[in-house]
Amino acid sequence: FPSHITVTTYSDMPYSRYRKLDNGTFVGEGFAFELLALLMKKFKFTYTIIPPAKDIIGDESSGMIQQLYN
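In terms of the numbering used here, the sequence shown opens at residue 533 and continues consecutively.
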């Protein structure tokens, strides 16, 4: 398993949301990130959140799907 992964998300509480800290990094909140924290503990990895340009699921040309597609 990789030691570091990249995550994208959008705001859809109570499942997930993100906020930007003063240092410029993003932190995730909600059920999805609680589950991710359990997986991090078990598999010993870290993650970085890269939010989509638009806070939407989108398609090949926008949002989270575009990030995964590219």
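Beta carbons are placed, not taken as given, at the ideal position from N, Cα and C, and that holds for glycine.
**OP:** Rounded to whole angstroms, what's the CA-CA distance from Lys573 to Asn555? Just pull it up for me.
**Re:** Looking up residue 573 in the sequence shown gives position 41. Looking up residue 555 in the sequence shown gives position 23. C-alpha separation (whole angstroms): 24 angstroms.
Subject >> Given Thr538 as reference, the closest of Val559, Gly590, Ile588, Phe563 once Cα atoms are compared >> reply: By 1-based counting over the sequence shown, the position of residue 538 is 6. Checking every option, the nearest Cα to that of Thr538 belongs to Val559.
Original post:
Should the stretch 534-548 be called in touch with the stretch 568-588, which here means at least 3 C-beta pairs below 8 angstroms?
Top reply: Touching, yes.
Original post:
To the nearest angstrom, how far is it from the Cα of Lys576 to the Cα of Glu566?
Top reply: Residue numbering aside, residue 576 sits at position 44 when the sequence shown is read from its first letter. Residue numbering aside, residue 566 sits at position 34 when the sequence shown is read from its first letter. Rounded to whole angstroms, Lys576 to Glu566 spans 15 angstroms at the Cα level.
Subject >> Reference Tyr547, options Tyr601, Phe533, Gly562, closest by Cα >> reply: On the sequence shown, residue 547 is found 15 positions in, with the first residue counted as 1. Tyr547 has its Cα closest to that of Gly562, out of Tyr601, Phe533, Gly562.
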